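Here the structure comes first, spelled out in structure tokens, and everything after it is commentary.
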Amino acid sequence: MSESIEKIAQEFDHYDRESAACPWPRWARLRKEAPVAWSEKNGGFWVISRYDYITEALRDTETFSNQLKGVTIPSKPVPLLPPSEFDGAAHAAYRHVSNPLLSPDKVAEYLPRIREIVNGYAEPLLKQDAFDATADFAVHVTQDVTQLILGITDAPADLKKSAEDLVLMRGDREDAGRRLFAFVTTEVEKRRKSPGKDAISQLLGTMYEEDGKESRPLSQDEVVRMTVLLILAGLDTTTSAISGSIWYLLENPEAQKRLAAADERGWRLAVDEFVRWTAPVTGSARTVAHDTVFHGCPMRAGERVFVMGASGNRDETAFAEDPNKVVLDRFPNPHVGFGMGPHRCVGSHLAKAELQIALRAMLKGLGDFRLADPERIAWEASNVRGIRSLPLVRK
Amino acid sequence: LDINSFSGLGTLQHLDGDTMTETTKPMQIKIDTSRCGGHARCREEAPEVFGYDSRTNKACVHAGADVNAHRKAVELAIRGCPERAIAWSDAGNSRSNK
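Quick note, the sequences are listed as chains A and B, same order. Under this note's numbering, the residues of the first sequence are numbered 1 to 395, in order. Under this note's numbering, the residues of the second sequence are numbered 1001 to 1098, in order.
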């Protein structure tokens, strides 16, 4: 009756309908029966699905390279984006530049503005009889916060679409990449002429200091590519986390009550739990740097590897309480929703702040709403996964 | 480890390349900075004890932090660390030694 594990492995495709709507049973089969599997899809790639193998691979940057072919399968049709798509000393040098842009202290400075942005959308929406929690709320919040961080005041109408097409690898990605780079280049030039306190201005004033090399200012091209990454990484993922959490809360009114009564620590634990459970990044790709054997599987240099953190987040061997359930006060919660090791998400502190503020705002009226139609929730999957449309109506 | 990145923290001592220990208290805390991934959850659990270096993206222990006065919070920080990078440094087989 059930499919053979050989067929599941060979045909595993993180872009297909099953990956979008109901990926979990397939992940569970892989974890149990083929935790390191070879898929023939998307040019052929290894899939690592078990929690402990995932954290091992993410830390073993000598064997699993980000720089050879980037962190998506297939590779994006744009130049490699620092720091994420660099290895070793160059990666470390780029991270030293980007870490302070989104550190916990830096995020704390943005909190009042983020609250204003969130409430500016949430309050009117909660007065309506119907709205789309993704398209009318989460998408706008994440886009406005990204623009706030980058100091963008007049984004072109198609910015979101270009970024989405590139992240979700759909439509004309080459064209989306060109448009996004052209826009960001213009922004960087603007900031060079009149700097502000935004992240782009900070990058322009920063020295690149790589071990064993002479320090130098970041080039225009580097600032552009780092900015493109900040745009791509923060939009869709945070939208998915906010949308997925709201979906859960709508289906679980008890959780709405518990969360509304939670203290600061309760909120922090809940936010990490929502990141674990929604897992907006299905996986991060690597490329085998040298021939190796990884838990019995012979891997050749150049082969692609999909390190499937979202499956690790559902690994029953890594979490004491059923990982398929949301446990609002799960502790400890060593999820890999932001990755693990040296390439761990630089924007995690911002993402968690956005998620918490968004959910706090929504909880003020969410109890009066229900899903318009569970069948109408639109999921989309690629290297990332999330809800595209979440229509709600007043009860 | 970039020692200079901790220069603002005065009394911290580096015992070896990747381990630092705050040395003035009966119970000490050790952060394995080669493992630390910058989650900053230790700082959330015990802000009186743990800091965060925004350049290196690594946790640190405040100079002069009264570790023993915040044992419960420190215990939560140790248990909650997703990288298992924090340990009491007099605990024999500390968890940061793999």
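A virtual CB, placed ideally from N, CA and C, is assigned to each residue, including glycine. Predicted, not measured: the structure shown is a model, and the values here were computed from it.
**OP:** Inspect the CB distances between the stretch 307-323 of chain A and the stretch 47-58 of chain A and report whether three or more fall short of 8 Å.
**Re:** Flag = yes, the stretch 307-323 of chain A and the stretch 47-58 of chain A touch.
Original post:
What in chain A is Cβ-close to B:A1040, meaning under 8 Å?
Top reply: What you label residue 1040 of chain B is simply residue 40 of the second sequence in a count that begins at 1. Within 8 Å Cβ-Cβ: P104 and H349.
Original post:
So, is A:R170 buried or exposed, given that buried needs 16 or more other C-beta atoms within 10 angstroms?
Top reply: Looking up residue 170 of chain A in the first sequence gives position 170. When all chains shown are included, A:R170 counts as exposed.
Original post:
By DSSP, does A:P217 sit in helix, in strand, or in coil?
Top reply: Position 217 of the first sequence, counted from the first residue, corresponds to residue 217 of chain A. The answer is strand: DSSP assigns A:P217 an E or B state.
Original post:
Any idea what DSSP makes of A:T72, helix, strand or coil?
Top reply: Counting from one through the first sequence, the residue named residue 72 of chain A turns up at place 72. A:T72: coil per DSSP, three-state reduction.
Original post:
Starting from A:P79 and walking both ways along the beta strand (DSSP E), at which residues does that stretch end?
Top reply: Mapped onto the first sequence, residue 79 of chain A falls at position 79. For A:P79, there is no enclosing beta strand (DSSP E), as DSSP gives it neither H nor E.
Subject >> Member of A:K352, A:F338, A:T317 and A:D322 whose CA lies at the smallest distance from the CA of A:K32 >> reply: Residue 32 of chain A sits at position 32 when you count from the first residue of the first sequence. Nearest neighbour of A:K32 by Cα position, chosen from A:K352, A:F338, A:T317 and A:D322, turns out to be A:T317.
Original post:
Near A:P100, what residues of its chain come up, given a Cβ to Cβ distance below 7 Å and the 5 sequence neighbours on each side ignored?
Top reply: Stepping through the first sequence from its first residue, residue 100 of chain A is reached at position 100. Taken in chain order, the residues that qualify are K106.
Original post:
Is it right to say A:L111 is buried, meaning 16 or more other beta carbons lie within 10 angstroms of its own, or is it exposed?
Top reply: For the purposes of this step, residue 111 of chain A is identified with residue 111 of the first sequence, where counting begins at 1. With fewer than 16 Cβ atoms within 10 Å of its Cβ, A:L111 is classed as exposed.
**OP:** Please report how far the alpha carbon of A:H290 lies from the alpha carbon of A:R370, in whole angstroms.
**Re:** Residue numbering aside, residue 290 of chain A sits at position 290 when the first sequence is read from its first letter. Residue numbering aside, residue 370 of chain A sits at position 370 when the first sequence is read from its first letter. Answer to the nearest angstrom: the Cα atoms are 52 Å apart.
**OP:** Measure how close the beta-carbons of A:T282 and A:H14 come, nearest whole angstrom, since I'm counting them as under 8 Å.
**Re:** For this step, residue 282 of chain A is matched to residue 282 along the first sequence. For this step, residue 14 of chain A is matched to residue 14 along the first sequence. Yes, they are in contact, since the Cβ atoms of A:T282 and A:H14 sit about 5 Å apart, within 8 Å.
**OP:** Let me know the alpha helix (DSSP H) ranges lying completely inside the stretch 1016-1081 of chain B, each 4 residues or longer, listed in chain order.
**Re:** The stretch 1016-1081 of chain B contains these whole alpha helix (DSSP H) runs: 1041-1045 and 1071-1080.
Original post:
Are three or more beta carbon pairs between the stretch 84-92 of chain A and the stretch 59-69 of chain A nearer than 8 Å?
Top reply: Three or more beta-carbon pairs separated by less than 8 Å link the stretch 84-92 of chain A to the stretch 59-69 of chain A, which places the two stretches in contact.
Original post:
So what does DSSP say about A:D16, is it helix, strand or coil?
Top reply: Counted from its first residue, the first sequence places residue 16 of chain A at position 16. DSSP places A:D16 in coil when its eight states are reduced to three.
**OP:** Return no unless some Cβ of chain B is closer than 8 Å to the Cβ of A:H295.
**Re:** Position 295 of the first sequence, counted from the first residue, corresponds to residue 295 of chain A. With 8 Å as the cut-off, A:H295 does not count as an interface residue toward chain B.
**OP:** Go through its chain and collect everything with a Cβ distance to A:W247's Cβ below 8 Å, but skip five positions before and after it.
**Re:** For this step, residue 247 of chain A is matched to residue 247 along the first sequence. Contacts found: A133, L371, I377, I387 and L390.
Original post:
Within 8 Å (strictly less), CB to CB, does A:F274 reach chain B?
Top reply: Start at 1 with the first residue of the first sequence, and residue 274 of chain A comes out as number 274. So no, A:F274 is outside the interface.
Subject >> A:S2 versus A:A285 - alpha carbon distance >> reply: Translated into the one-based positions of the first sequence, residue 2 of chain A becomes position 2. Translated into the one-based positions of the first sequence, residue 285 of chain A becomes position 285. Cα-Cα distance, rounded: 28 Å.
Subject >> chain B contacts from the stretch 299-324 of chain A (Cβ-Cβ distance under 7 Å) >> reply: When CB distances to chain B are screened at a threshold of 7 Å, not a single residue of the stretch 299-324 of chain A falls below it.
Subject >> Between the CA atoms of A:L392 and B:R1095 - distance to the nearest angstrom >> reply: By one-based count along the second sequence, residue 1095 of chain B stands at place 95. By one-based count along the first sequence, residue 392 of chain A stands at place 392. In this prediction, B:R1095 scores a pLDDT of 42, lower than 50, which makes its location untrustworthy; no coordinate-derived value is stated.
Original post:
What residue from A:A301, A:P104 and A:V327 has the CA that sits closest to A:L259's CA?
Top reply: Numbered from 1 along the first sequence, position 259 holds the residue referred to as residue 259 of chain A. Put simply, of A:A301, A:P104 and A:V327 the residue whose alpha carbon is nearest the alpha carbon of A:L259 is A:V327.
Original post:
If we ignore side chains and look at the alpha-carbon of each, how far apart do A:P79 and A:E222 end up?
Top reply: By 1-based counting over the first sequence, the position of residue 79 of chain A is 79. By 1-based counting over the first sequence, the position of residue 222 of chain A is 222. So the two alpha carbons sit approximately 10 Å from each other.
**OP:** For A:M340, return the contacting residues in chain B, with the cut-off set at a CB-CB distance below 8 Å.
**Re:** By 1-based counting over the first sequence, the position of residue 340 of chain A is 340. One finds G1037, P1082 and E1083 in chain B with Cβ atoms closer than 8 Å to the Cβ of A:M340, taken in chain order.
**OP:** Spatial neighbours of B:G1038 within its chain, please: CB distance less than 7 Å, with the 5 preceding and 5 following residues excluded, ordered by chain position.
**Re:** Walking along the second sequence from the start, residue 1038 of chain B turns up at place 38. Short of 7 Å from the beta carbon of B:G1038, and not among the five residues preceding or following it, lie these beta carbons of its own chain, in chain order: N1057 and K1058.
Subject >> C-beta neighbour in chain A for B:S1054, strict 8 Å >> reply: Counted from its first residue, the second sequence places residue 1054 of chain B at position 54. So yes, B:S1054 belongs to the interface.
Original post:
How about B:R1079: is its C-beta nearer than 8 Å to some C-beta of chain A?
Top reply: In the second sequence, counting from the first residue as 1, residue 1079 of chain B sits at position 79. At a cut-off of 8 Å, the C-beta of B:R1079 has a neighbouring C-beta in chain A.
**OP:** Could you work out which residues of chain B lie near A:N252, taking near to mean beta carbons separated by less than 7 Å?
**Re:** In the first sequence, counting from the first residue as 1, residue 252 of chain A sits at position 252. In chain order: nothing, as chain B lies at least about 24 Å away.
Original post:
To which residues does DSSP link B:W1088 through a beta bridge?
Top reply: Counting from 1 along the second sequence, the entry for residue 1088 of chain B is found at position 88. Partner(s): B:I1029.
**OP:** Mind checking which residues open and close the beta strand (DSSP E) that includes A:P298?
**Re:** For the purposes of this step, residue 298 of chain A is identified with residue 298 of the first sequence, where counting begins at 1. Note, A:P298: beta strand (DSSP E), C297 to M299.
Original post:
Is the Cβ-Cβ distance between A:A358 and A:V167 less than 8 Å?
Top reply: Counted from its first residue, the first sequence places residue 358 of chain A at position 358. Counted from its first residue, the first sequence places residue 167 of chain A at position 167. No, they are not a contact pair.
Original post:
Taking the alpha-carbon positions, what's the A:H140 to A:E354 distance?
Top reply: As a first step, residue 140 of chain A must be located in the first sequence, where it is residue number 140. As a first step, residue 354 of chain A must be located in the first sequence, where it is residue number 354. So the alpha carbons of these two residues sit roughly 12 Å apart.
Original post:
Smallest Cα separation from A:F398: which of A:E375, A:I149 and A:P124?
Top reply: Because residue 398 of chain A is not part of the residues shown, which for chain A are 1 to 395, the question remains open.
Original post:
Sorted by chain position, which residues of the same chain lie with C-beta nearer than 7 Å to A:L102's C-beta, five sequence neighbours on each side aside?
Top reply: In the first sequence, counting from the first residue as 1, residue 102 of chain A sits at position 102. The residues are V346, G347, H349 and L350.
Subject >> Any chain B beta carbon closer than 8 Å to A:H96 >> reply: Your numbering for residue 96 of chain A matches position 96 in the first sequence. Yes, A:H96 lies at the interface with chain B (some Cβ there is under 8 Å from its Cβ).
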